[in-house]
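The structure appears below as structure tokens.
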Amino acid sequence: MGHPTANKVEAARKINELMFVEQRLYVGHGDWFKNTGPTDVIYYDFDKQEFVTEYTVDEEAIHRYRHYGSRLFLPGTDSTENGEYGNLYVRDASTWKKYRTIPRGLHVFDFAEFKGKWYVATGSYFGDIKTGPWIGAIYSSEDQATSWRYEYTTASAGRSVSRITSLMPYKNRLFAFGYTDGPMPRGSEPKLFPAGEDRQSNRVATSVVYDGDGWFSADLIPDTKLIQTIEPAVFADQLLLNVRVGRYGPDIPNEWQLFAHDGKSTRRVPLASDPIIDMLVKHDRLILLLEQQGKHVLSESSELVHWTNHVIDPEVKQPLSVEFDGTSYYLGLSDGTVLTATVPAD
Numbered sequence: 019m020g021h022p023t024a025n026k027v028e029a030a031r032k033i034n035e036l037m038f039v040e041q042r043l044y045v046g047h048g049d050w051f052k053n054t055g056p057t058d059v060i061y062y063d064f065d066k067q068e069f070v071t072e073y074t075v076d077e078e079a080i081h082r083y084r085h086y087g088s089r090l091f092l093p094g095t096d097s098t099e100n101g102e103y104g105n106l107y108v109r110d111a112s113t114w115k116k117y118r119t120i121p122r123g124l125h126v127f128d129f130a131e132f133k134g135k136w137y138v139a140t141g142s143y144f145g146d147i148k149t150g151p152w153i154g155a156i157y158s159s160e161d162q163a164t165s166w167r168y169e170y171t172t173a174s175a176g177r178s179v180s181r182i183t184s185l186m187p188y189k190n191r192l193f194a195f196g197y198t199d200g201p202m203p204r205g206s207e208p209k210l211f212p213a214g215e216d217r218q219s220n221r222v223a224t225s226v227v228y229d230g231d232g233w234f235s236a237d238l239i240p241d242t243k244l245i246q247t248i249e250p251a252v253f254a255d256q257l258l259l260n261v262r263v264g265r266y267g268p269d270i271p272n273e274w275q276l277f278a279h280d281g282k283s284t285r286r287v288p289l290a291s292d293p294i295i296d297m298l299v300k301h302d303r304l305i306l307l308l309e310q311q312g313k314h315v316l317s318e319s320s321e322l323v324h325w326t327n328h329v330i331d332p333e334v335k336q337p338l339s340v341e342f343d344g345t346s347y348y349l350g351l352s353d354g355t356v357l358t359a360t361v362p363a364d
């Protein structure tokens, strides 16, 4: 389909997100670790068969869109401005509007609409932005982003950084997931602390749930140690959890596991995979972009039991995101390429 980010610096080209809205394929790109912003909102116009730049956000990258009703929401992952406020961008009636109203919203990772209120998941801070402490915070708004109030914050501690990274409404509750980076307690995993070695850090997942009255810990995943991150989706009336397990750090092998929670109990979904790169719910099917034994695979199911696998051509390098329109797949690659392919006949 093209290379919509070809004119960007190399780090900004990668396609983090693809989303269909109003017969347009929206593209999220950039790298907020390498500060590649400001970032263009780009979509593919199928009538003109070309990519169009619709808007520019004051963010280092776009990594997520959310669609509720007729509105498209873009959480401001990492503002190019100071961290006094965080940003939420809303496309309504074909017009984008920026809300720079989230207090201390250093990183705005996700958005949800729940029971008439707007919610954002953030990496925030108390005290000074440069010294912290850095916390994960959930804010709510009753006036559609004009003002915000704290709903929930993680604990704060020296040498630790916490973030809330995703929100997911499910069965009249609002689930939130995030993580804390910080030192591991000595003795928790003795093998990880060889004699003379400095204290090691790890990434530890956080999960909480709002039931309409208060926020509570959501211990959803049984008998699994060293959970780093949890990415949710709702499929077939179940809350799916894409879980990364293992020590956090360079060159340390990790495992990806998929769980399904039905509101009462959680089961592991048998899945042979290395990284679960992307997870998409579309047209009554779950589509996973996986890496299996060095190959990239699109794996889809309608009931989490039987899976159809489509091996991606090895010439397609580093796919990061997937979208589906009922007849064709779309892939976003790390080099900025967007590809499409018709679904093979069964």
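Reminder that position 312 of the sequence shown reads as 330 in this note's numbering, one-by-one numbering, no gaps.
Heads up, the beta-carbon is just placed ideally off N, CA and C, and yes, glycines get one too.
Small disclaimer: the values here were computed from a predicted structure and weren't measured.
**Q.** Collapsed DSSP secondary structure at PRO22 in the structure displayed
**A.** Taking the first residue of the sequence shown as 1, we reach residue 22 at position 4. PRO22 falls in the coil class under three-state DSSP.
Q) Can you name, in chain order, every residue of its own chain whose Cβ lies under 6 angstroms from the Cβ of VAL59, other than the five neighbours on each side? A) Here residue 59 corresponds to residue number 41 of the sequence shown, with the count starting at 1. Taken in chain order, the residues that qualify are GLU72, TYR73.
Q: Tell me whether GLY232 is buried or exposed, calling it buried when 16 or more other Cβ atoms sit within 10 Å of its Cβ.
A: Position 214 of the sequence shown holds residue 232. GLY232 should be labelled exposed.
Q. Who are the near neighbours of THR247 in its chain, counting only those whose CB is closer than 8 angstroms to its CB and skipping five residues on each side?
A. Against the sequence shown, residue 247 aligns to sequence position 229. So the list reads THR183, PHE195, TYR197, ARG221, ALA223, VAL261, ARG262, once near-sequence residues are dropped.
Q | 3-residue-minimum beta strand (DSSP E) runs that sit fully inside the segment 274-299, ordered along the chain | A | Counting only runs that start and end inside the segment 274-299, the beta strand (DSSP E) elements of at least 3 residues fall at 284-287.
Q) Based on Cα-Cα distance, which residue from PHE129, THR358, VAL108 lies nearest to ILE330? A) Residue numbering aside, residue 330 sits at position 312 when the sequence shown is read from its first letter. Comparing Cα-Cα distances from ILE330 to each of PHE129, THR358, VAL108, the minimum goes to THR358.
Q. Below 8 angstroms between beta carbons: does that hold for ALA79 and THR54?
A. Taking the sequence shown and counting its residues from 1, the one referred to as residue 79 is at position 61. Taking the sequence shown and counting its residues from 1, the one referred to as residue 54 is at position 36. Yes, they are a contact pair.
Q.
Can you check which of these residues, PHE234, GLN41, LEU259, ALA251, is closest to PRO240 by C-alpha distance?
A. Residue numbering aside, residue 240 sits at position 222 when the sequence shown is read from its first letter. For the set PHE234, GLN41, LEU259, ALA251, the Cα lying nearest the Cα of PRO240 is the one of LEU259.
Q) Taking just the CA atoms, how far does GLN310 sit from TRP166? A) Locating residue 166 in the sequence shown gives position 148, where the first residue counts as 1. Locating residue 310 in the sequence shown gives position 292, where the first residue counts as 1. Going from the Cα of TRP166 to the Cα of GLN310 covers about 43 angstroms.
Q: Use the C-beta contact count for THR164: other C-beta atoms within 10 angstroms, 16 or more gives buried, fewer gives exposed.
A: By 1-based counting over the sequence shown, the position of residue 164 is 146. Answer is exposed; the Cβ neighbour count stays below 16.
**Q.** Buried/exposed call for PHE342, threshold 16 Cβ in 10 Å
**A.** Taking the sequence shown and counting its residues from 1, one reaches residue 342 at position 324. Counting Cβ neighbours within 10 Å, PHE342 comes out buried, since at least 16 surround it.
Q. Grouping DSSP H, G and I as helix and E and B as strand, with all else coil, what is ALA236?
A. On the sequence shown, residue 236 is found 218 positions in, with the first residue counted as 1. It is coil, neither helix nor strand.
**Q.** Minimum C-alpha distance to SER219 - residue among SER178, VAL108, THR242
**A.** For the purposes of this step, residue 219 is taken as residue 201 along the sequence shown, with counting starting at 1. Nearest C-alpha to SER219: SER178.
**Q.** Coil, strand or helix - ALA29 by DSSP
**A.** Locating residue 29 in the sequence shown gives position 11, where the first residue counts as 1. In the structure shown, ALA29 sits in a helix (DSSP, three-state: H, G or I).
Q. In its own chain, which residues sit with a C-beta less than 6 angstroms from the C-beta of SER299, not counting the 5 before and 5 after it?
A. The count along the sequence shown starts at 1 and reaches residue 299 at position 281. Residue identity check: residue 299 is Val in the sequence provided, not Ser. Answer for VAL299: ALA251, PHE253, listed in chain order.
Q: Find the nearest neighbour of HIS301 within the set PHE193, GLN41, SER319, judged by alpha-carbon distance.
A: In the sequence shown, counting from the first residue as 1, residue 301 sits at position 283. Ranking the options by Cα distance to HIS301, first place goes to SER319.
**Q.** Short Cβ contact (8 angstroms threshold) for LEU289 with LEU304
**A.** Stepping through the sequence shown from its first residue, residue 289 is reached at position 271. Stepping through the sequence shown from its first residue, residue 304 is reached at position 286. Against a cut-off of 8 angstroms, the Cβ pair of LEU304 and LEU289 comes out as no contact.
**Q.** Pairwise C-alpha distance: PRO201 and GLY214
**A.** Position 196 of the sequence shown, counted from the start, is the residue given in the question as residue 214. Position 183 of the sequence shown, counted from the start, is the residue given in the question as residue 201. Residue placement at GLY214 is flagged as unreliable, the pLDDT there being 46, under the threshold of 50; a coordinate-derived value is accordingly withheld.
Q: Report the partner residues of THR140 according to the DSSP bridge assignment.
A: Counting from 1 along the sequence shown, the entry for residue 140 is found at position 122. Per DSSP, VAL126, ALA155.
Q | Sequence-distant residues of its chain with Cβ nearer than 7 angstroms to LYS52 (five each side left out) | A | Reading the sequence shown from its first residue, position 34 is the one you call residue 52. Hits under 7 angstroms: ALA29.
Q: Take PRO121 and list the residues in its own chain whose beta-carbon comes closer than 7 angstroms to its own, dropping the five residues that flank it on each side.
A: Position 103 of the sequence shown, counted from the start, is the residue given in the question as residue 121. Taken in chain order, the residues that qualify are TYR103, TRP166.
Q: Give me the Cβ distance between HIS81 and GLU35, rounded to the nearest whole Å; I'm assuming they're in contact under 8 angstroms.
A: The sequence position of residue 81 within the sequence shown is 63, counting from 1. The sequence position of residue 35 within the sequence shown is 17, counting from 1. Their Cβ separation, rounded to whole angstroms, is 6 angstroms, which keeps HIS81 and GLU35 in contact under 8 angstroms.
Q) Where does VAL226 sit, in a helix, a strand or coil, going by DSSP? A) Counted from its first residue, the sequence shown places residue 226 at position 208. VAL226: strand per DSSP, three-state reduction.
Q: Pick helix, strand or coil for GLU160, following the three-state DSSP scheme.
A: For the purposes of this step, residue 160 is taken as the residue at position 142 of the sequence shown. The answer is coil: DSSP assigns GLU160 none of H, G, I, E or B.
Q) Who does TYR62 pair with in a DSSP beta bridge? A) To locate residue 62, count along the sequence shown from 1; it is residue 44. Beta-bridge pairing links TYR62 to LEU43, PHE69.
Q. In chain order, what residues of the same chain lie with their CB nearer than 8 angstroms to the CB of SER174, ignoring the 5 residues before and after it?
A. On the sequence shown, position 156 is the one that residue 174 refers to. PHE144, GLY150, PRO151, TRP152, ILE153, SER180, listed in sequence order.
**Q.** Distance between GLY264 and SER112 (C-alpha atoms, nearest Å)
**A.** On the sequence shown, position 94 is the one that residue 112 refers to. On the sequence shown, position 246 is the one that residue 264 refers to. The straight-line gap from Cα to Cα measures roughly 44 angstroms.
Q) Does the beta-carbon of PHE127 have 16 or more other beta-carbons within 10 angstroms, so that it is buried, or is it exposed? A) Start at 1 with the first residue of the sequence shown, and residue 127 comes out as number 109. The residue in question, PHE127, is buried, as its Cβ has 16 or more Cβ neighbours within 10 Å.
Q: With DSSP as the reference, label VAL179 as helix, strand or coil.
A: Taking the first residue of the sequence shown as position 1, residue 179 is located at position 161. Strand at VAL179.
Q | VAL261 in three-state terms, based on DSSP | A | Start at 1 with the first residue of the sequence shown, and residue 261 comes out as number 243. Looking at VAL261 - three-state DSSP - the assignment turns out to be strand.
**Q.** Inter-residue CB distance, LEU90 and VAL45 (contact presumed, cutoff 8 angstroms)
**A.** Reading the sequence shown from its first residue, position 72 is the one you call residue 90. Reading the sequence shown from its first residue, position 27 is the one you call residue 45. 13 angstroms between Cβ atoms; not a contact.
(Q) Quick check on DSSP: helix, strand or coil for GLY344? (A) Sequence index remark: in the sequence shown, residue 344 carries index 326 (1-based). DSSP places GLY344 in coil when its eight states are reduced to three.
Q) Helix or strand or just coil, what does DSSP make of ILE305? A) Taking the sequence shown and counting its residues from 1, one reaches residue 305 at position 287. The answer is strand: DSSP assigns ILE305 an E or B state.
Q: Grab me the residues of MET37's own chain with a C-beta within less than 6 angstroms of its C-beta, minus the 5 sequence neighbours each way, in chain order.
A: Within the sequence shown, numbered from 1, the residue matching residue 37 stands at position 19. Excluding positions up to five away in sequence, the list reads TYR44, TYR83.
Q. What is the residue span of the beta strand (DSSP E) that THR355 lies within?
A. If you number the sequence shown from 1, residue 355 lands on position 337. Segment: none, THR355 is in no beta strand (DSSP E) and carries neither H nor E.
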